[in-house]
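Participant: Could you have a look at this structure, given as structure tokens, before my questions?
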Amino acid sequence: MSRILIVEDEERIASFVEKGLRSKGFVTSVVADGHTALDEARTGSYDLMILDIGLPGLDGFTVLRQLREGGATLPVIILTARDSVDDRVSGLAGGADDYVVKPFAFDELLARVHLRLRDDRTPDATVLQVGSMSLNLRTRRVEDGTKAIDLSAREFALAETFFRHPDQVLSREQLLSRIWGLDFDPGSNVVEVYIRYLRRKLGADRIETVRGMGYRFVVH
Ligand code: CA
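In structure tokens form, the structure reads like this:
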């Protein structure tokens, strides 16, 4: 069972996140200021931290920086109302693993929590198998029965993300930041374009559009 540290000074949001995560079987603790957050995170008893930026005591960026300076590798998802690219960049440069902007849908946060927890446990396999399809990480080729499908570099990166997270909804922003990095204009349609390429190669029914949420790699 994964233990999650929720750092949030706004009671309403803290309780919304905590209730949601508990209902999904996570063990949670909530702290409401930066100093306590740092102390708790350093105990090493958590698998992931959800971190607000505007906090009493130390702000979230400082908590994160001090935590990373101390060598902690705990996955951190930043939760904040500040939707500027500057903050996004300082959050990730400061060692955050992901970023969720308020207001957010609980499912979006949950998807990112699963993503980050799974990242840690992913073994270094050469072949990722999903249903009848496999992705070979060395040859960068998809095999489906007797069919072998070659992918371009970006298609491969996108396919790898889907193969590592089958049946999970990945948001456009997640795909954009994972594959194209943060330099990319969030208004760009590059994700849609590459989803189309990948559908053409892997089959249109493999990648489902989940309205308002993102895309799901369908196992069958
Ligand atoms: Ca706050």
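When we follow the working numbering, the leftmost residue of the sequence shown carries the number 938, and every step to the right adds one. Note that beta-carbon positions come from the ideal geometry of N, C-alpha and C, so glycine has one too.
1) Mind checking whether the beta-carbon of Gly1140 lies closer than 6 Å to any heavy atom of ligand 1?
2) Among His1157, Thr1083, Asp1104 and Leu1074, which one has its Cα closest to the Cα of Ala1090?
3) Ordered along the chain, which non-local residues of its own chain (more than five positions away) have a Cβ less than 7 Å from that of Gln889?
4) Please report how far the alpha carbon of Lys956 lies from the alpha carbon of Arg940, in whole angstroms.
5) Might you give, ordered along the chain, the residues of its own chain that have their beta carbon closer than 7 Å to the beta carbon of Tyr1134, omitting 5 neighbours on each side?
6) Can you give the beta carbon distance from Phe1100 to Ile1144, rounded, assuming they're within the 8 Å contact cut?
7) Beta carbon of Pro1163, beta carbon of Asp946: below 7 Å?
8) Work out the CA separation of Ala1096 and Pro1103 for me, nearest whole Å.
9) Taking all protein chains shown into account, do 16 or more other C-beta atoms lie within 10 angstroms of the C-beta of Gly991, making it buried, or fewer, making it exposed?
10) Let me know if Arg1137 comes out buried or exposed under the rule of 16 or more other beta-carbons within 10 Å of its beta-carbon.
Facilitator: Once the coordinates are examined:
1) As a first step, residue 1140 must be located in the sequence shown, where it is residue number 203. Gly1140: no, Cβ never under 6 Å from ligand 1.
2) Taking the sequence shown and counting its residues from 1, one reaches residue 1090 at position 153. For the residues His1157, Thr1083, Asp1104 and Leu1074, the minimum Cα distance to Ala1090 belongs to Leu1074.
3) Outside the modelled stretch of the chain, which goes from 938 to 1157, sits residue 889, for which no answer is possible.
4) Walking along the sequence shown from the start, residue 956 turns up at place 19. Walking along the sequence shown from the start, residue 940 turns up at place 3. Each residue's Cα considered, the two are about 14 Å apart.
5) Residue numbering aside, residue 1134 sits at position 197 when the sequence shown is read from its first letter. Contacts found: Glu1092.
6) Translated into positions along the sequence shown, residue 1100 becomes position 163. Translated into positions along the sequence shown, residue 1144 becomes position 207. At roughly 11 Å, the Cβ-Cβ gap does not stay under 8 Å, so Phe1100 and Ile1144 are not in contact.
7) Past the boundaries of the shown model lies residue 1163; the chain is included only from 938 to 1157, so the question cannot be answered.
8) Locating residue 1103 in the sequence shown gives position 166, counting from the first residue. Locating residue 1096 in the sequence shown gives position 159, counting from the first residue. For Pro1103 and Ala1096, the distance between alpha carbons rounds to 10 Å.
9) Start at 1 with the first residue of the sequence shown, and residue 991 comes out as number 54. Here Gly991 is exposed: its Cβ has fewer than 16 other Cβ atoms, across all protein chains shown, within 10 Å.
10) On the sequence shown, position 200 is the one that residue 1137 refers to. With fewer than 16 neighbouring CB atoms inside 10 Å of its own CB, Arg1137 falls in the exposed class.
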